[in-house]
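Undergrad: Take this structure, written in structure tokens, and hold onto it; I'll ask about it next.
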Ligand SMILES: [Ca+2]
Ligand SMILES: [Ca+2]
Ligand SMILES: [Zn+2]
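In this note's numbering, the protein residues as written are 7 to 389.
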């Protein structure tokens, strides 16, 4: 089957452009004359089909492939646990199958660049930086502290990434860095869930790093910063990125005040899509309580949000709109800080409202969206 994939145009997994992030090649142990078998190729020549590095690929050499001394390996994984899985020739891995599908389904319009729930041991190809003070830890749920994907519903499952801010010194930090991504558009929205349980001075900074073909850093830009808070629950975040060429994103956890922290920074359920981020996100906790206690026509008012152009707007949500069991959502413009500079009436603007439930089981999570365009001629008299 290994040879079959060669025939279909697949290269060895350890030939990937980014292989040095994941494995070490010990060239001094390679059988003379076989060094070329360990070449890596430029990303202008091979594609990763937007999949992370796969230690379990049937196209990956084993630790002792082409070695000259049976005692010493030629390839080891940076994560020693992963060295054990290298070189399985039994069956296609799930990523081998995904790549086969992508290769022969060229029409798919892929807007999802990356997604990670941290349930697989390879953490979706995310890597720890070595040029910092500490590491993030892939951590399993406990009854006291569960992950976001499964919320403690399955035993021996449910992982998240955790950065401890209760040890070390103030200002120390750890970077969790994505694999290299190849965007098709010039805008991306990074969505993830996070939780801060340490000091209010802790920080989570999201970075975008552009690199040239040889791994040299072209630019590093902070795309967003989240401060510690007193709300110790999982929350959603959206960070707009504007990468116009291949890039990596990174999460930097920063210790604010270890003496006053008994926790840290949690992240889980990352998705990176080539779409605009929403202009505002309004989280309503315990919505079923509102449905029980709000009468027909009573509403909850959102905070004020701003559109990319600067218009203030809000949403009124009616737990029981015109009769019990029907939820209503009303969009309205509000006064705002930019009103003098904006065009009025604000016609021909598109509005999309998405309702997303937060069912802890991702398989049951549902969303509903509707869009409409404002009409500049339909004005409320006197409004
Ligand atoms: Ca998870
Ligand atoms: Ca580190
Ligand atoms: Zn081969």
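Think of the CB as a built atom: it goes at the ideal place given N, C-alpha and C, for glycine as much as any other residue.
1) Comparing alpha-carbon positions, which option in 195, 380 and 29 lies nearest residue 82?
2) Just checking residue 66 against ligand 3 - is the residue's beta carbon closer than 7 Å to any of the ligand's heavy atoms?
3) In terms of residues, what are the limits of the beta strand (DSSP E) holding residue 356?
4) Put residue 154 into one of helix, strand or coil per three-state DSSP.
5) How is residue 88 classed by DSSP in three states: helix, strand or coil?
6) Mapping the DSSP letters down to three states, classify residue 174 as helix, strand or coil.
7) Return helix, strand or coil for residue 77, following the three-state DSSP convention.
8) Given 7 Å as the limit, tell me if residue 136 has its C-beta closer than that to any heavy atom belonging to ligand 2.
9) Does DSSP put residue 264 in a helix, in a strand, or in coil?
10) Looking only at C-alpha atoms, which of 239, 339, 259 and 359 sits nearest to residue 352?
11) Measuring straight from C-alpha to C-alpha, what distance separates residue 96 and residue 222?
12) Do the segment 266 to 273 and the segment 194 to 208 touch if we need at least three Cβ pairs shorter than 8 Å?
13) Threshold first: 3 residues or longer. Then list the beta strand (DSSP E) segments lying entirely within the segment 170 to 254, N to C.
14) Which residues bound the beta strand (DSSP E) around residue 335?
15) Could you check which residue in 91, 235 and 126 has the C-alpha nearest to that of residue 65?
TA: On the basis of the supplied data:
1) 29
2) no
3) 356 to 362
4) coil
5) helix
6) coil
7) coil
8) yes
9) helix
10) 339
11) 38 Å
12) yes
13) 179 to 183, 194 to 202, 209 to 217, 223 to 233 and 241 to 247
14) 334 to 340
15) 91
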